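Shown next, in structure tokens, is the structure this report addresses.
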Amino acid sequence: MSIEKIVEQALKDGYLTPTMEAEVGRICDTASELSIEEYMALDRLMGSLLTGEVVAVPRKQFINVMEELVLSEAITRIAEIEATTDKVLDVGDIAAYALNRLPPLYATTEEGASYQRQKAKQELQELINQQIEEAISLSIDRESPNISPLLKKPSRDVVEQVSSLLKSHATNFDPHESGNG
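Written as structure tokens, this is what we have:
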């Protein structure tokens, strides 16, 4: 979508979404030179934002508390298995399998996240454990000689896997920043 079309849509709707804002930024970053029409559209958008004719919709920061609970339990179980066997399990595969079978628990504030954690531990801990056990069982079975993965990844330390997984899912999350929730 062009800058002119994005500005036209923002003026029509009365708001600029984070997606629209990101697209304008992408166009400006990748273009070697903007046309006079693009500059005029950006000027019109800026004026509309300043007068309140167009409102910029803020990015909503939120987390899925279930990810944290599943990762914690998966790491504990994987560490136990890897300490007593020669099996090497992928924490990302285990967590993804379990998360796809569990309800999300989103929160936008630390208070909301605490509430969701407490609720999950009381009402969903058994289900979380069951899904992780099932994921581990399937992962161990998949490693049998009759089944070969499409792409064999070199094994990595569990902590490194978790760190990488968390960074990819929480790139903009700041637990100290409060929001509505």
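Sequential numbering of the sequence shown, starting at 494, is according to this note's numbering.
By construction, the Cβ of each residue, glycine as well, lies at the ideal position given by its N, Cα and C atoms.
Please read these numbers as outputs of a predicted model, since none were measured by experiment.
- Three or more beta-carbon pairs separated by less than 8 angstroms link the region 541-558 to the region 601-611, which places the two stretches in contact.
- Residue pairing by DSSP places Ala-600 opposite Ile-556 in a beta bridge.
- Cα atoms of Tyr-508 and Val-550: separation of roughly 7 angstroms, rounded to the nearest angstrom.
- Contact between the region 557-577 and the region 516-533 is absent: fewer than three C-beta pairs spanning the two stretches fall below 8 angstroms.
- Secondary structure at Ala-549: strand, using DSSP grouped into helix, strand and coil.
- Pro-511 and Ile-499 have their C-alpha atoms roughly 12 angstroms apart.
- Using a Cβ distance threshold of 8 angstroms, Glu-575 and Leu-582 count as a contacting pair.
- With a cutoff of 8 angstroms on beta-carbon distance, Val-563 and Ala-591 are scored as near each other.
- Looking at the DSSP output, Leu-509 sits in a beta bridge with Ala-549.
- Counting along the chain, the unbroken alpha helix (DSSP H) around Arg-537 starts and ends at 529-544.
- When the beta-carbon positions are compared, Ser-632 and Asp-586 come within less than 8 angstroms of each other.
- Rounded to whole angstroms, Glu-546 and Asn-622 show a C-alpha spacing of 51 angstroms.
- Ranked by how close their Cα comes to the Cα of Glu-531, the residues Ile-571, Gly-518, Arg-594 have Gly-518 in first place.
- Separation of Asp-579 and Glu-626 (C-alpha to C-alpha, rounded to the nearest whole angstrom) is 18 angstroms.
- Assignment of Glu-526 by DSSP, reduced to helix, strand and coil, places it in the coil class.
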